[in-house]
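Asker: Mind looking over this structure? Questions follow.
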Amino acid sequence: MKRSEVNQIVRNAVDFFRRHQFLLPPFAYYELSDWRNRLAASREIIDLGLGWDVTTFGTGDFAREGLLLFTLRNGRFQSREYPKVYAEKIMMVGENQITPQHFHWHKQEDIINRGGGNLLIELWKAGADDKLTDEPLTLSIDGELRTFRSGETLRLRPGESVSFTPYSTHRFRGEPKCGPVLVGEVSMVNDDHADNCFIEKKDRFDSMEEDEAPLYLLCSDYDKFLKADGK
Ligand SMILES: [Fe+2]
Numbered sequence: 003m004k005r006s007e008v009n010q011i012v013r014n015a016v017d018f019f020r021r022h023q024f025l026l027p028p029f030a031y032y033e034l035s036d037w038r039n040r041l042a043a044s045r046e047i048i049d050l051g052l053g054w055d056v057t058t059f060g061t062g063d064f065a066r067e068g069l070l071l072f073t074l075r076n077g078r079f080q081s082r083e084y085p086k087v088y089a090e091k092i093m094m095v096g097e098n099q100i101t102p103q104h105f106h107w108h109k110q111e112d113i114i115n116r117g118g119g120n121l122l123i124e125l126w127k128a129g130a131d132d133k134l135t136d137e138p139l140t141l142s143i144d145g146e147l148r149t150f151r152s153g154e155t156l157r158l159r160p161g162e163s164v165s166f167t168p169y170s171t172h173r174f175r176g177e178p179k180c181g182p183v184l185v186g187e188v189s190m191v192n193d194d195h196a197d198n199c200f201i202e203k204k205d206r207f208d209s210m211e212e213d214e215a216p217l218y219l220l221c222s223d224y225d226k227f228l229k230a231d232g233k
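For the sequence shown, the working numbering begins at 3 and goes up steadily by one.
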């Protein structure tokens, strides 16, 4: 992706989260000088990759297939330093903006519509061989069990949530004409580098073309901007 495009997406998200009164922690707005002055204090943020995350899943077409996320909290699996066993994210999902078919081997996650439009989620059950099956999938929707046919769509309205167990395969997008969706995620500790199984080959993190300075660093920028210079 081009940095100028990422900056614009982050600007839109700042606006969108404010409109929905979802307030972000201070590190969302750190400038490069803030990070460099607070390197020791902010070690947890950097080590765990908290903060802004923009992806097109390797397609380069954010509006069609992409996602903006902000990781608010996370831990590291079986780590003494970061023993937190839970994680939380907030996301902005546009109308018809697809997050492609995937499941998680280990993570159990609740996906929550926290406001805006409706979230359309297509559902499948994956087998032990990591391939989709045509079996039905039973999920807890706000504490009530519901069974879905393979490929059936769940419409999550504002306030509603679904709980995904491992191997529950999901693809989601915002419903057209309903506006972008503020989507929350509350989950077990999460490793986005190792626990996303995409049904079709995807890249979770895009490469970056630096055509302007970053507005705010993405979690995938910390290595490049903060660790490499050794300050
Ligand atoms: Fe997921």
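Quick reminder that beta carbons are idealized off the backbone N, C-alpha and C, glycines included.
This one's a predicted model, so the numbers in the text were calculated from it and none came from an experiment.
(1) Going by the CB atoms, is the gap between residue 119 and residue 180 shorter than 8 Å?
(2) Opposite residue 105 in the DSSP bridges: which residues?
(3) Following a CB-centred definition, is residue 104 positioned closer than 7 Å to any heavy atom of ligand 1?
(4) Return yes when the Cβ of residue 148 is within less than 8 Å of the Cβ of residue 141, no when it is not.
(5) For residue 195, is the beta carbon positioned less than 7 Å from some heavy atom of ligand 2?
(6) From which residue to which residue does the beta strand (DSSP E) around residue 100 run?
(7) For residue 233, name the three-state secondary structure that DSSP assigns.
(8) Does the separation of the CB atoms of residue 221 and residue 73 fall below 8 Å?
(9) From the DSSP output, in three-state form, read off residue 193 for me.
Answerer: By the coordinates alone:
(1) yes
(2) 199
(3) yes
(4) yes
(5) Ligand 2 is not part of the structure shown, which contains ligand 1 as its ligands.
(6) Element bounds for residue 100: n/a, residue is neither H nor E.
(7) The predicted position of residue 233 is uncertain, since its pLDDT is 43 and thus under 50; a value taken from the coordinates is nonetheless stated next. In the structure shown, residue 233 sits in coil (DSSP, three-state: anything other than H, G, I, E or B).
(8) yes
(9) coil
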